[in-house]
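Per my numbering, the sequence shown starts with residue 4, numbered consecutively.
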Amino acid sequence: MKSYFVAALVAGSVLAASAAGAQDADLTAARDLYASAAYDDALTMLNRLRSSEHPASQSRAIEQYRAFCLLALGRSADAEQAIEAVVAADATFQPGETDASPRIRSAFTTVRRRMLPSIIQQKYAQAKAAFDRKEFGAAAEGFTQVLTALADQDVAAEAKQPPLSDLRTLAGGFQELAAKAAAPPPPPPAPVVVAPPPAPAAPVAPKIYSGGETGVVAPVIVTQALPPFPGQVVIPRSGKLEIVIDENGAVESAVMRESVSQTYDAMVLSATRAWRYRPATANGTPVKFRKTVQISIKLTT
Numbered sequence: 004m005k006s007y008f009v010a011a012l013v014a015g016s017v018l019a020a021s022a023a024g025a026q027d028a029d030l031t032a033a034r035d036l037y038a039s040a041a042y043d044d045a046l047t048m049l050n051r052l053r054s055s056e057h058p059a060s061q062s063r064a065i066e067q068y069r070a071f072c073l074l075a076l077g078r079s080a081d082a083e084q085a086i087e088a089v090v091a092a093d094a095t096f097q098p099g100e101t102d103a104s105p106r107i108r109s110a111f112t113t114v115r116r117r118m119l120p121s122i123i124q125q126k127y128a129q130a131k132a133a134f135d136r137k138e139f140g141a142a143a144e145g146f147t148q149v150l151t152a153l154a155d156q157d158v159a160a161e162a163k164q165p166p167l168s169d170l171r172t173l174a175g176g177f178q179e180l181a182a183k184a185a186a187p188p189p190p191p192p193a194p195v196v197v198a199p200p201p202a203p204a205a206p207v208a209p210k211i212y213s214g215g216e217t218g219v220v221a222p223v224i225v226t227q228a229l230p231p232f233p234g235q236v237v238i239p240r241s242g243k244l245e246i247v248i249d250e251n252g253a254v255e256s257a258v259m260r261e262s263v264s265q266t267y268d269a270m271v272l273s274a275t276r277a278w279r280y281r282p283a284t285a286n287g288t289p290v291k292f293r294k295t296v297q298i299s300i301k302l303t304t
């Protein structure tokens with residue numbers, strides 16, 4: 004009986020993995036259909052994926068390409084609903100120039116300008132509720148998201164006047180308070196213990212290149228936008244950010260090597276999650292790459 008249940012569990016895991024792989028293949032196929040201008044076929048495949056069980060990580064891509072197809076087919080109202088779903092899932096998302104036409108980017112901008120003010124206010128309310136519950140780590144992250152969203156170009160005008168201008172001041176103050184409250188206390192002295200036997204050698208991590216090696220081509224920027232500095236700049240500021248770009252062109256890790264300010268550092272680190280690159284290569288193979296970004300904040304004129 005025990006062997007039967009183990010076999011059933013293994014079979015279920017294999018089926019689940021097969022289903023996930025099939026969904027990835029369908030999404031890739033839908034993207035290829037869109038790229039070849041087969042918009043109706045791509046939309047049919049995307050609608051089938053949307054109505055089936057799929058990983059949450061695929062939801063934004065499904066709605067994004069549904070919007071692309073619907074706009075190409077002239078179905079503006081349906082496209083707007085798909086864009087709304089994308090923005091609701093990820094308020095920071097905006098198609099890049101290499102991903103979409105000016106018409107598509109304009110449609111996303113229109114929806115984001117309409118939705119972002121209310122999303123910002125909701126995020127602020129959620130962060131403040133976490134702060135009141137003394138969940139300071141979650142609150143600090145929430146207020147950082149509010150500040151990042153307020154720096155978005157699509158709400159630049161609204162962010163300069165109430166209620167969003169008031170939220171910028173409040174979010175900045177609460178973010179610093181929450182970050183300080185969330186800082187862990189110093190650890191107690193470590194007890195003296197007998198050293199365990201040597202552990203087996205850890206697997207070798209992939210090498211991270213820096214550009215000086217033979218045959219290495221540095222990554223190319225696709226999207227690397229620094230957020231505007233919040234408030235007035237009365238003295239010039241500078242900083243240094245170090246990021247590691249993975250083999251897919253996404254930012255794997257980010258560290259401020261030279262701080263600008265606590266609030267702005269958090270905004271920059273949050274913004275790096277949306278940065279994209281054509282990955283570095285070593286002899287034609289995509290590799291990880293460590294890149295330094297210099298930050299210079301000029302005086303407000």
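We treat Cβ as the ideally placed atom computed from N, Cα and C, and that holds for glycine.
Measuring alpha carbon to alpha carbon, tell me which of the options ends up nearest residue i.
i	options	result
THR151	LEU229, ALA92 and PHE111	LEU229
GLN156	ILE246, HIS57, PHE232 and LEU244	PHE232
VAL90	ALA80, CYS72, VAL225 and GLN67	GLN67
PRO222	ARG34, ALA82 and ASP249	ASP249
ALA253	LYS291, LYS210, ALA162 and GLU179	LYS291
LYS126	GLU144, ASP27, PRO165 and LYS137	GLU144
ALA269	ILE211, ALA133 and ALA182	ALA182
LEU52	LEU30, ALA133 and THR147	LEU30
THR295	PRO189, SER256 and THR288	SER256
CYS72	GLU56, ASN50 and ALA184	ASN50
VAL247	THR275, ALA160, VAL220 and VAL271	THR275
GLN297	ARG69, VAL271 and THR172	VAL271
The alpha helix (DSSP H) spanning residue i covers which residue range?
i	result
ARG136	Careful: ARG136 lies outside any alpha helix (DSSP H) and carries neither H nor E.
LEU171	Note on identity: in this sequence residue 171 is Arg, with Leu being the wrong assignment. Looking at the DSSP string, the run of the alpha helix (DSSP H) that includes ARG171 is 167–185.
GLU83	79–92
The beta strand (DSSP E) that contains residue i, what's its start and end?
i	result
ILE300	288–300
LEU244	240–248
ALA283	283–285
Beta-carbon of residue i versus every beta-carbon of chain B: anything under 8 Å?
i	result
LEU153	Chain labels in this structure do not include chain B; a single protein chain is all it has.
Helix, strand or coil: how does DSSP classify residue i here?
i	result
GLU56	coil
LYS126	helix
SER264	coil
THR303	coil
THR226	strand
VAL114	helix
GLU100	coil
SER256	strand
VAL207	coil
VAL158	helix
VAL220	strand
For residue i, count the other beta carbons within 10 Å of its own beta carbon; 16 or more makes it buried, fewer makes it exposed. Which is it?
i	result
VAL273	This sequence places Ser at residue 273; Val is not what is there. Counting Cβ neighbours within 10 Å, SER273 comes out buried, since at least 16 surround it.
GLY2	In the structure displayed, the chain extends from 4 to 304; residue 2 sits before or after that span and is not available.
GLY214	exposed
ILE86	buried
GLY234	exposed
PRO120	buried
ILE238	exposed
GLY218	exposed
THR266	buried
GLY176	exposed
ALA22	The predicted model places ALA22 with a pLDDT of 49, which falls under 50 and marks its position as unreliable, so this point remains unresolved.
Below 6 Å CB to CB, which residues in the same chain sit around residue i once its five sequence neighbours on both sides are set aside?
i	result
ARG260	LYS243 and GLU245
ALA240	This sequence places Arg at residue 240; Ala is not what is there. Cβ within range, chain order: VAL263 and ILE300.
THR226	GLY99, TRP278 and ARG279
ILE65	LEU49, LEU52 and ARG53
THR303	GLN235 and VAL236
GLY287	none
Cutting at 8 Å between CB atoms, please list the residues of its own chain near residue i, excluding the five before and the five after it.
i	result
MET118	GLU87, VAL90, ALA91 and ALA94
GLN97	ARG108, PHE111, THR112, ARG115 and ASP157
ALA141	ALA130 and ALA133
ASP44	LEU36
Apart from the five residues on each side of it in sequence, which residues of its chain come closer than 7 Å, Cβ to Cβ, to residue i?
i	result
ASP135	none
ARG106	LEU74
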